[in-house]
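In terms of the working numbering, the sequence shown opens at residue 1 and continues consecutively. Where is the CB? At the ideal position from N, CA and C, for every residue including glycine. Source: prediction; values computed, not measured. These notes are about the structure you will find just below.
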Amino acid sequence: MKDPWQKYMQIGIVHPMLFPECLGGEGPLLDTLRTICLDPFFEAVDVGVMHDNHQRAECAALLRDTRMTVTFCCQPVQLLQGLDINHADNAERQRAVEAILRLIPQARELGASRFAVMSGKNVPPEKRRLAIERLIESLERICQAAWEEAGMPVVLEIFDYDVDKKALIGPCSLAAEVAGRVRADFPSFGLMHDLSHIYLCHETPSRHFPAIREHLVAVHLGNSVSRPGHPLFGDTHPPFGIEGGDCDVPQVRDFLKTLFDIGFLRPGRRPVVGFEVRTPKGTDPHVCIANVKRTLAQAWYDW
1 MKDPWQKYMQ
11 IGIVHPMLFP
21 ECLGGEGPLL
31 DTLRTICLDP
41 FFEAVDVGVM
51 HDNHQRAECA
61 ALLRDTRMTV
71 TFCCQPVQLL
81 QGLDINHADN
91 AERQRAVEAI
101 LRLIPQAREL
111 GASRFAVMSG
121 KNVPPEKRRL
131 AIERLIESLE
141 RICQAAWEEA
151 GMPVVLEIFD
161 YDVDKKALIG
171 PCSLAAEVAG
181 RVRADFPSFG
191 LMHDLSHIYL
201 CHETPSRHFP
211 AIREHLVAVH
221 LGNSVSRPGH
231 PLFGDTHPPF
241 GIEGGDCDVP
251 QVRDFLKTLF
261 DIGFLRPGRR
271 PVVGFEVRTP
281 KGTDPHVCIA
291 NVKRTLAQAW
301 YDW
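Have a look at this one:
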């Protein structure tokens, strides 16, 4: 590809994965976010919960002043707190939905243009139909609140369904069904997918994306390890190119080419393509930033 990628997409990164000390909503939120916002390579960022009111206000000002495109991600909170929005128990499901709704004011304050969630746990095939109905009901409630309170569309991220996170969504066929039904009432609703999650779903981009192309609104670029016994097995988002990992330059290149094939990347649009890489313990986050920049450059200019 000879054109600059800026013509086709906004490159982003997931803040609380690059700085995992911030995953729980504590820690040096402002200082770490500044590292991303002051780097002109990144035009977008996924942020998570921020408990401290003062730090959150400062982060909001930083995001606004540096003109970043912001997605608020609820997935870390859902995973850390076990919030299952398709849980069979009504009380558990309501607890999950209400906890997510309480995050909408934070997302609004931080200037988020999207509010990202994930489904709850996968269930046996004979229970899946009812779980899908419960998920749709929860998503519609979240969509309604996010739009009314902040004018903010909701995006559902697809995860693996039988390896690590074992989420209901899950298979692209189910993701497409859920998205189609939710979009009937909330047209701004959409799906987010991650390169690494595709491989954890035992698929490839060329087989996976066509099923969801009409609902896809954002993507992540990440790595995973699907080889059992590996110390980083699962949805761990290590840097690209590690030994035993699923994704490196060839996979990133194929991913981007598929996004062009389905029309997700095309002139006149600039959707967010965000890197999701977790900085290994004891590693400088700047090393991970250099890793993603060079991975993208090699993948982009090598076809």
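Using the rule of at least 16 other Cβ atoms within 10 Å of the residue's Cβ for burial, across every protein chain shown, is residue i buried or exposed?
| i | result |
| --- | --- |
| Glu43 | buried |
| Asp246 | buried |
| His51 | exposed |
| Lys165 | buried |
| His193 | buried |
| Pro271 | buried |
| Ser138 | buried |
| Ala175 | buried |
| Ala184 | exposed |
| Phe260 | exposed |
| Leu256 | buried |
| Val219 | buried |
Need the endpoints of the beta strand (DSSP E) that residue i sits in, please.
| i | result |
| --- | --- |
| Pro191 | Reading the sequence as shown, one finds Leu at residue 191 and not Pro. Run containing Leu191: 190–194, per the beta strand (DSSP E) assignment. |
| Ala116 | 114–118 |
| His208 | Careful: His208 lies outside any beta strand (DSSP E), inside the alpha helix (DSSP H) at 205–208. |
| Val154 | 154–157 |
| Ile242 | Here Ile242 belongs to no beta strand (DSSP E), and DSSP marks it neither H nor E. |
| Val225 | From DSSP, Val225 is part of no beta strand (DSSP E); its letter is neither H nor E. |
| Gln10 | 10–14 |
Could you check whether residue j and residue i sit closer than 9 Å to each other, using their CB atoms as the reference points?
| i | j | result |
| --- | --- | --- |
| Val217 | Arg64 | no |
| Asp344 | Thr204 | Because the chain is modelled from 1 through 303, residue 344 falls outside the range shown and cannot be assessed. |
| Gly234 | Leu195 | no |
| Phe41 | Pro285 | no |
| Thr71 | Asp46 | yes |
| Thr258 | Ser206 | yes |
Quick one: give me the first and last residue of the alpha helix (DSSP H) that residue i is part of.
| i | result |
| --- | --- |
| Gly180 | 172–183 |
| Ala146 | 125–150 |
Under the assumption that residue i contacts residue j (Cβ atoms under 8 Å), give the Cβ distance between them as a whole number of angstroms.
| i | j | result |
| --- | --- | --- |
| Lys121 | Ala167 | 7 Å |
| His202 | Ile158 | About 13 Å separates the two Cβ atoms, so there is no contact after all. |
| Ile100 | Val117 | 6 Å |
| Val292 | Phe240 | 7 Å |
| Val49 | Gln106 | 6 Å |
| Gly274 | Ile13 | 6 Å |
| Val225 | Ala299 | Not really, about 19 Å apart at Cβ, beyond 8 Å. |
| Leu29 | Cys22 | 6 Å |
| Ala190 | His208 | A small correction: the amino acid at residue 190 is Gly; Ala does not occupy that position in the sequence shown. With 8 Å as the limit, Gly190 and His208 do not qualify as a contact, their Cβ atoms being about 16 Å apart. |
Just checking residue i against the ligand MN - is the residue's beta carbon closer than 8 Å to any of the ligand's heavy atoms?
| i | result |
| --- | --- |
| Ala167 | Ligands are entirely absent from the displayed structure, and the ligand MN is therefore not among its contents. |
Quiz item: Which ranges does the alpha helix (DSSP H) cover as unbroken runs of at least 4 residues, wholly within the segment 49–106, from first to last along the chain?
Solution: 53–65, 75–81, 90–101
Quiz item: What are the complete beta strand (DSSP E) segments, minimum 3 residues, inside the segment 18–54?
Solution: 44–47
Exercise. Within the segment 244–285, note down every full alpha helix (DSSP H) run reaching 4 residues or more, in order along the chain.
Key: 249–261
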